[in-house]
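> Numbering (this note's numbering), first residue to last: -5 to 426.
Glycine included, every Cβ here is placed at the ideal spot set by N, Cα and C.
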Ligand SMILES: Cc1cc2nc3c(=O)[nH]c(=O)nc-3n(C[C@H](O)[C@H](O)[C@H](O)COP(=O)(O)OP(=O)(O)OC[C@H]3O[C@@H](n4cnc5c(N)ncnc54)[C@H](O)[C@@H]3O)c2cc1C
């Protein structure tokens, strides 16, 4: 491959994509003074299709709480038993005693774009479909045959990335959701409330209760508008959107209320939860969904992107500044920053946990979460935000086991499917 192959500018880093992953890493790289090209199928100014929630402590620690559009102090879950008549105890919420927020997604996008524009970022449109990598640079070609040359390419094209390769470990657990933003005949949840998980299922028939469980995620958006979403935690094969839609409407009907104005219907949302860690010696770096950065227990990622992009950018800047480093050397340094041994071990533990939960019956799952949110706040919060050290994570999991009912313990103890393999990955991760 010759230098002449490139007809466009040469960049220090070419970032593919314009989602949260691409913008977070481009912003951080430009803050390091690197010359960055963004190449995306859509415009970086296009509004993102989803809304992003976060525990507010995560953004406060970064001084970014001004990026929130909504904030709730009354944050609860319901893990009541599935009897046909709910007792008052079963209706009692678990109070999380932690604020939860929803990003103003336009502000979050503008935050990263402003950082990009303070530095040297060039925006380019095109669908990348080929890459050639030589020792000191890579050339990406788009569907329109435009070529872009860079020392390093970061593929941030989401969960089904165009260039990043990962080992195939069989079926992927997928979280599916169906949601509505609407005005109702009366409030479907308490006013001013955020409901992380409502696992009550008294509206289901006994046959439906024996099917894989789903829960309600809901928030009061103000001005009489509510967002209600029926969600399945993560299953392979996933629960169909049609089933979730049916369940959400049953749940709403059971409350004796009706949708008055349907503002938005969130159709067909699929979120892969237990992605494999990509090959860590490949010459293209990933970031965001492409790098399997989604939290396997919660499905969240934006907090991690905000925390980790600046650290990764520093490592890349250091490695690019050494002209002897090849493209593969720089990508490898990036992969090591993204997936150090400790994080690989944590990932194996999280995925092991998810594998267990996917097999749980309705009542086991509700008992499990009841116990989980009974852990000290720093443990469940650290677990959900992936901010515990490995030993803290192991301690949290042990406490969970010790405090669990026998029903849950039995479910946690049996080894099935990929669970032994995941334990092995915990003991022997890929890269030393
Ligand atoms: C429904 C849903 C709800 C979520 N909710 C939350 C939440 O509440 N909180 C949270 O923290 N996380 C949440 N997540 C997880 C995660 O934050 C999002 O999935 C996030 O959008 C992933 O960002 P990404 O940039 O990696 O990928 P994407 O957002 O998928 O962006 C990929 C980008 O790459 C571009 N692209 C694709 N192929 C090419 C190509 N060949 N060439 C050029 N460009 C290309 C696309 O056009 C797009 O711009 C949610 C995910 C989903 C699906």
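Kindly identify the DSSP beta-bridge partner or partners of residue 191.
Answer by DSSP bridge pairing, in chain order: 71.
> Suppose you measure from the CA of residue 111 to the CA of residue 303; what does that come to, to the nearest Å?
Cα-Cα distance, rounded: 16 angstroms.
> Taking 8 angstroms as the cut-off, does the segment 280 to 292 touch the segment 376 to 393 (at least 3 CB pairs, one atom from each stretch)?
A contact exists between the segment 376 to 393 and the segment 280 to 292.
> Starting from residue 322 and walking both ways along the alpha helix (DSSP H), at which residues does that stretch end?
First-last of the alpha helix (DSSP H) with residue 322: 321 to 332.
> Please go through the same chain and pick out, in chain order, the residues whose beta-carbon is closer than 7 angstroms to the beta-carbon of residue 18, but skip the five residues on each side of it.
106, 299, 300 and 303.
> Here's the rule I'm using: 16 or more other beta-carbon atoms within 10 Å means buried, otherwise exposed. How should residue 234 be labelled?
Classification of residue 234: exposed, given that the 10 Å Cβ count is below 16.
> Cβ of residue 156 versus every heavy atom of ligand 1: is any distance shorter than 7 angstroms?
Checking the Cβ of residue 156 against ligand 1 gives yes.
> Let me check you understand the geometry: is the CB of residue 174 closer than 7 angstroms to at least one non-hydrogen atom of ligand 1?
It does not: the Cβ of residue 174 is nowhere closer than 7 angstroms to a heavy atom of ligand 1.
> Work out the CA separation of residue 4 and residue 351 for me, nearest whole Å.
Going from the Cα of residue 351 to the Cα of residue 4 covers about 47 angstroms.
> Could you compute how far the alpha carbon of residue 213 sits from the alpha carbon of residue 94?
So the alpha carbons of these two residues sit roughly 10 angstroms apart.
> Using the Cβ count rule (16 or more neighbours within 10 Å means buried), how would you classify residue 280?
It is buried - the Cβ of residue 280 has at least 16 other Cβ atoms within 10 Å.
> Any residue with its Cβ nearer than 5 angstroms to a heavy atom of ligand 1 should be included. What is that list in chain order?
Spelled out in chain order, the answer is 10, 11, 12, 13, 14, 15, 34, 35, 36, 44, 46, 47, 121, 122, 151, 152, 156, 263, 265, 282, 283, 294, 295 and 296.
> Are there three or more Cβ pairs, one per stretch, closer than 8 angstroms when the segment 314 to 323 is compared with the segment 125 to 140?
Contact between the segment 314 to 323 and the segment 125 to 140 is present, because at least three Cβ pairs lie under 8 angstroms.
> Please return the same chain residues whose Cβ sits closer than 6 angstroms to the Cβ of residue 273, not counting the five positions on each side in sequence.
Cβ neighbours of residue 273 beyond the five flanking positions: 159.
> So residue 219 and residue 257 are in contact, right, with Cβ under 8 angstroms, and what is the actual spacing, rounded?
Residue 219 to residue 257, Cβ: 7 angstroms. Contact.
> The beta strand (DSSP E) spanning residue 116 covers which residue range?
From DSSP, the beta strand (DSSP E) with residue 116 extends over 114 to 119.
> I'd like the list of long-range same chain contacts for residue 254, defined as Cβ closer than 8 angstroms, with 5 residues on each side in sequence excluded.
Excluding positions up to five away in sequence, the list reads 176, 177, 178 and 179.
> Can you check which of these residues, 21, 215, 153 and 40, is closest to residue 47 by C-alpha distance?
Ranking the options by Cα distance to residue 47, first place goes to 215.
> Specify the secondary structure class of residue 216 as computed by DSSP and reduced to three states.
Three-state DSSP puts residue 216 in a strand.
> Report, in whole angstroms, the separation of the C-beta atoms of residue 342 and residue 278, which I expect to be a contact under 8 angstroms.
Rounded, the Cβ-Cβ distance is 24 angstroms, inconsistent with contact.
> Using 8 angstroms as the Cβ pair cut-off and three pairs as the minimum, do the segment 34 to 48 and the segment 115 to 125 touch?
Contact between the segment 34 to 48 and the segment 115 to 125 is present, because at least three Cβ pairs lie under 8 angstroms.
> Since residue 145 is in the beta strand (DSSP E), which residue starts that stretch and which ends it?
Taken as a continuous stretch (DSSP letters only), the beta strand (DSSP E) holding residue 145 covers 141 to 149.
> Between residue 286 and residue 230, is the Cβ-Cβ spacing less than 8 angstroms?
In this structure, residue 230 does not lie closer than 8 angstroms to residue 286 by Cβ.
> Report buried or exposed for residue 62, applying the criterion of at least 16 other Cβ atoms within 10 angstroms of its Cβ.
Label assigned to residue 62: buried.
> Along the beta strand (DSSP E) that carries residue 64, what are the first and last residues, could you check?
Taken as a continuous stretch (DSSP letters only), the beta strand (DSSP E) holding residue 64 covers 62 to 66.
> Just how far apart, CA to CA, sit residue 162 and residue 270?
So the alpha carbons of these two residues sit roughly 7 angstroms apart.
> Starting from residue 492, trace the beta strand (DSSP E) in both directions and tell me its first and last residue.
A question about residue 492 goes unanswered here, because the residues of the chain that appear run from -5 up to 426.
> Assuming residue 211 and residue 190 are in contact, meaning their beta carbons sit under 8 angstroms apart, how far apart are those beta carbons, in whole angstroms?
7 angstroms between Cβ atoms; contact.
> Using 8 angstroms as the threshold, is the segment 390 to 404 in touch with the segment 352 to 367, meaning 3 or more CB pairs across them?
These segments touch.
> In the DSSP output, what is residue 177 paired with across the bridge?
DSSP output for residue 177 lists 219 and 255 as bridge partner(s).
> According to DSSP, is residue 228 helix, strand or coil?
Strand, per DSSP.
> In this structure, how does DSSP classify residue 103 when only helix, strand and coil are distinguished?
Helix, per DSSP.
> Under a three-way DSSP split, which group does residue 370 fall into?
Reduced to three states, the DSSP call for residue 370 is coil.
> Whole angstroms is fine: what's the gap from residue 86's alpha carbon to residue 183's?
Cα to Cα, the separation comes out at about 13 angstroms.
> From what residue to what residue does the alpha helix (DSSP H) around residue 335 run?
First-last of the alpha helix (DSSP H) with residue 335: 335 to 353.
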